[in-house]
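As structure tokens, the structure follows; a few thoughts come after it.
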Amino acid sequence: MIRLTLLLSALLVCGCTAVKPWERGNLAQDTMAWQPDPLKASLDNHIYFSKEGSSGGGQAAGGGCGCN
Numbered sequence: 006m007i008r009l010t011l012l013l014s015a016l017l018v019c020g021c022t023a024v025k026p027w028e029r030g031n032l033a034q035d036t037m038a039w040q041p042d043p044l045k046a047s048l049d050n051h052i053y054f055s056k057e058g059s060s061g062g063g064q065a066a067g068g069g070c071g072c073n
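Numbering (the numbering used here), first residue to last: 6 to 73.
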């Protein structure tokens with residue numbers, strides 16, 4: 006039990022490292038974004054929420070028929 010606690014604490018301490026200034030360029034690339042193409046993400050969200058007929062939790066609401 007003590008070994009497990011020590012291992013987990015060592016992993017938590019090692020996992021929190023600062024990003025170096027020369028590494029920030031790699032993290033700022035478009036491919037690192039959650040949604041690289043905002044227009045496609047907006048269209049996908051619209052289609053999903055229109056087809057599901059759900060409201061709330063998204064930017065678009067629909068009646069399930071594809072109309073707003």
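Here a beta-carbon is modelled for each residue, glycine too, at the ideal position from N, C-alpha and C. These figures come from a predicted structure and were not determined experimentally.
Residue i - DSSP class collapsed to helix/strand/coil
| i | result |
| --- | --- |
| V45 | Before going further, note that residue 45 is Lys rather than Val in the sequence given. Helix at K45. |
| W39 | coil |
| A33 | coil |
| T22 | coil |
Rounded distance between the beta-carbons of residue j and residue i, thought under 8 Å
| i | j | result |
| --- | --- | --- |
| D35 | P41 | 5 Å |
| L13 | V24 | That pair is no contact at about 23 Å. |
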